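With the working numbering, the residue at position 138 of the sequence shown is 138, and numbering never jumps. Written out below as structure tokens is the structure these notes cover.
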Amino acid sequence: MSESLEQIGYRIRDSIKGFISNQDERIDIEIIYRKMAAVRSLLLKEQYNAQGYLDESIFGQKCCLEVQCSPIVCDGLESGDVEYWVDAPDIEALLGDQAIRYFGGPDLRSPYTHRNLNGATYQQYNIYTSHTPSYTITGTKFTIYNMPTKGLKFVCLIAVFEDVMSICTPSDPFPLPSTLIHKMELLIKKDLMSTLTLKPDLKNNAQDEGPMK
Numbered sequence: 001m002s003e004s005l006e007q008i009g010y011r012i013r014d015s016i017k018g019f020i021s022n023q024d025e026r027i028d029i030e031i032i033y034r035k036m037a038a039v040r041s042l043l044l045k046e047q048y049n050a051q052g053y054l055d056e057s058i059f060g061q062k063c064c065l066e067v068q069c070s071p072i073v074c075d076g077l078e079s080g081d082v083e084y085w086v087d088a089p090d091i092e093a094l095l096g097d098q099a100i101r102y103f104g105g106p107d108l109r110s111p112y113t114h115r116n117l118n119g120a121t122y123q124q125y126n127i128y129t130s131h132t133p134s135y136t137i138t139g140t141k142f143t144i145y146n147m148p149t150k151g152l153k154f155v156c157l158i159a160v161f162e163d164v165m166s167i168c169t170p171s172d173p174f175p176l177p178s179t180l181i182h183k184m185e186l187l188i189k190k191d192l193m194s195t196l197t198l199k200p201d202l203k204n205n206a207q208d209e210g211p212m213k
């Protein structure tokens, strides 16, 4: 079982402080959480390039994504067509298409086919794919074509999410292989410790009173 986000985050902060308790914290734990997410992205990209596969532990599941529909409007006039879409959390961009393991029905047995915008445009003219449920991605918007079930309310997404805080709480396991956690901690501590030599400007007198003067 992987350690939780808060276990790793507080261990990094305690290590930087020399494990000395102090009620006046100079490093907000949220800053460490954000750095963990950023370094995680880089390490996952490195691992994928080196090994050619992604560990199952890094995938998160976000079900109950509400399917929304709206008429397509051009210059204030309705075109007569209806668009179906869901707003999803940010997907890990560095991993490309490999970041998505499943998008489809909430039963987890009805995957939709991912197409680029060009493929979605010409899908209706292909006799083999014209009725296949599919989707395109624009930012965080997943547009769905050929809805398989009339009145479908929710879909499910299994993917590598960029912002781990959007899919889990600090007490949940951190989605990173245990073999990479130590390397992540070292990189974050190296980054943060380089800033601790700068003392806060308590007087705010616009004078350069840094340690290098």
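The beta carbon of each residue, even a glycine, is placed where N, CA and C say it ideally should be. None of the values given here were measured: they were computed from a predicted structure.
About 6 Å separates the Cβ atoms of residue 143 and residue 83, confirming a contact at the 8 Å cut-off. Taken in chain order, the complete alpha helix (DSSP H) segments of 4 residues or longer contained in the stretch 29 to 86 are 29 to 51.
Only residues of its own chain outside the window of five on either side were considered, and among them 103, 104, 133, 134 and 135 have a CB closer than 6 Å to the CB of residue 112, listed in chain order.
Looking at the backbone, the Cα of residue 61 and that of residue 168 are separated by about 10 Å. Residue 109 counts as exposed, since fewer than 16 other C-beta atoms from the protein chains shown sit within 10 angstroms of its C-beta. Following the DSSP letters along the chain, one finds residue 143 inside the beta strand (DSSP E) bounded by residues 141 to 145.
In the three-state DSSP reduction, residue 132 falls in the coil class, being neither helix nor strand. The continuous alpha helix (DSSP H) containing residue 181 extends over residues 178 to 193.
CA-to-CA, the gap between residue 85 and residue 57 works out to about 28 Å. In its chain, beyond the 5 residues on either side, 146 have a beta carbon closer than 8 Å to the beta carbon of residue 131. Per DSSP, the continuous alpha helix (DSSP H) segment holding residue 8 begins and ends at 5 to 16.
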